[in-house]
Each structure stands twice: as structure tokens, then as C-alpha cells.
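So the structure is just underneath, and the comments pick up after that.
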Ligand SMILES: C[S@@+](CC[C@H](N)C(=O)[O-])C[C@H]1O[C@@H](n2cnc3c(N)ncnc32)[C@H](O)[C@@H]1O
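Numbering (the numbering used here), first residue to last: 93 to 288.
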């Protein structure tokens with residue numbers, strides 16, 4: 093049985109899905125097994141600035157904070173204004189930026205950052221048109237520091253990031269984990285950037 097807070101998050105998620113099905117890309121928020129697998133793979137260090145893209149109602153945000161990431165080290169980038177309001181209420185002290193992931197380098201610069209060591213993405217990349225997916229892949233790769241990690245999930249077997257952009261930006265990636273307990277089951281991909 094879901095508690096009142098989880099029910100509220102699910103209802104909001106469903107409402108936003110009805111408004112923007114392709115942009116939201118799922119009918120329910122990710123479950124805790126997927127959130128924990130994503131954060132474990134990201135392995136944020138205590139001093140790392142962590143950027144989460146497409147947080148929705150915040151299941152990955154909650155797992156990041158539970159793993160020890162300080163609210164002041166966490167930057168969320170979310171497109172949807174209703175999710176942004178929800179996240180600001182739910183996670184005081186966390187920086188929540190309303191913006192488009194394809195503009196990540198500019199959005200981070202406005203927060204005083206250039207490259208960051210850890211990026212966690214909940215974006216529905218495989219539901220996006222190819223040019224949009226390529227632009228977001230490029231933006232995330234550009235904002236990742238050398239030797240940094242980017243973790244992205246997908247409901248599909250194919251790689252979530254655009255291969256050409258991955259190669260051009262010096263990333264390497266592999267499917268690191270399958271989370272059967274999530275609804276639907278999900279694959280977790282780990283990308284890393286070679287030293288400059
Ligand atoms: C599949 S939902 C995942 C939400 C949450 N991470 C989870 O796992 O439950 C995708 C999220 O990405 C956001 N999103 C979609 N396109 C975006 C973009 N271009 N820039 C930033 N956020 C975006 C959606 O609004 C939604 O919150």
C-alpha cells in the first residue's frame with residue numbers, strides 16, 4: 093500500500109504524462125530498486141557536484157540524498173514547471189533548475205559550474221526524436237569532466253545515448269545492470285569519459 097506522499101507523486105506523474113506523454117516517457121515514477129542501482133553505479137564522492145537530469149517527482153533524488161550526497165552538492169535539471177514546483181517543496185536545499193537538458197552547459201554555467209564529475213539521467217531518451225536525443229547526448233557529454241561518470245537508464249536493449257555523439261565526445265559506455273524489479277524492467281547504462 094502506497095503512503096500519502098507516494099500517492100501524491102504518482103498522481104502528479106500521471107497527470108504530467110497525460111499532458112506530455114513523450115516528454116515524460118513513463119506512466120509511473122521509477123521504483124526504489126532502479127533508483128538504488130543507478131546511485132550505486134554512479135558512486136558519488138562526498139565532494140562531488142552531482143547533476144540529475146529529468147528528476148520528475150524525485151525517486152533518484154531521494155536515493156542520492158540517502159546515499160550521502162549533501163543537498164548543496166546536488167543540482168536538478170527539469171523541463172516541466174509542475175515537477176519543478178514539486179521538487180522544490182520536497183527537497184529543500186537542493187538546487188532545482190527549470191530548463192532543457194540540451195542546454196546543459198549554459199544551465200550549469202549559470203550555476204557557477206563548467207564540467208561536473210557525476211551526471212545521473214532519468215530522461216526518456218529513446219522516446220525522443222533523433223536530433224533531440226543527439227543534442228542532449230552532446231550536451232551531457234560536454235558537461236562531464238574527464239574521468240567523470242554518467243549513468244542513464246533505458247527500457248530498451250539498444251544504447252540510450254547517440255553512438256556518434258558518444259564517440260565524438262570521448263565517452264565509452266556499457267549496459268551495466270538489469271533491474272527486473274522495476275515496472276517496467278529497466279537497463280542501467282554506465283558511461284565514462286576518458287582522461288583529457
Ligand atoms: C521517464 S521520466 C523520469 C522521472 C524520474 N527520474 C523517474 O525515474 O521517475 C523523464 C523526466 O524527464 C523530464 N524531461 C524530459 N525532457 C526533458 C528535457 N529536455 N530536459 C529536462 N528534463 C526533461 C520529464 O519532464 C520527466 O520528469
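Don't be surprised by glycine CBs; every beta carbon is placed ideally from N, CA and C.
| Item | Value |
| --- | --- |
| Suppose only complete runs of 3+ residues qualify. What are the beta strand (DSSP E) ranges in the stretch 148 to 192, listed by chain order? | 166 to 170 and 187 to 190 |
| Quick check on this structure: which residue in 281, 250 and 221 has the alpha carbon closest to the alpha carbon of residue 129? | 281 |
| Reducing DSSP to helix, strand and coil, say where residue 265 ends up. | strand |
| Is it buried or exposed, residue 94, if we count other Cβ atoms within 10 angstroms and call 16 or more buried? | exposed |
| Taking C-beta to C-beta, are residue 213 and residue 241 nearer than 9 Å? | no |
| Starting from residue 115, trace the alpha helix (DSSP H) in both directions and tell me its first and last residue. | 113 to 116 |
| Taking only the alpha-carbon atoms, compute the straight-line gap between residue 121 and residue 230 and give it to the nearest angstrom. | 26 Å |
| Is the closest heavy atom of ligand 1 to the C-beta of residue 234 under 8 Å? | no |
| If we count Cβ pairs, one from each stretch, closer than 8 Å, do we get three or more for the stretch 132 to 141 versus the stretch 98 to 113? | no |
| Would residue 266 be called buried (16 or more neighbouring beta carbons within 10 Å of its own) or exposed? | exposed |
| From what residue to what residue does the alpha helix (DSSP H) around residue 228 run? | 222 to 235 |
| Return the first residue and the last residue of the alpha helix (DSSP H) that residue 258 is part of. | 255 to 260 |
| Would residue 257 be called buried (16 or more neighbouring beta carbons within 10 Å of its own) or exposed? | buried |
| Tell me whether residue 210 is buried or exposed, calling it buried when 16 or more other Cβ atoms sit within 10 Å of its Cβ. | buried |
| In or out: residue 198 buried (at least 16 other Cβ within 10 Å) or exposed? | exposed |
| Can you find a heavy atom of ligand 1 that lies under 8 Å from the Cβ of residue 139? | no |
| On the DSSP letters alone, give me the boundaries of the alpha helix (DSSP H) that residue 132 sits inside. | 124 to 134 |
| Going by the beta-carbon positions, is the gap between residue 143 and residue 186 smaller than 9 Å? | no |
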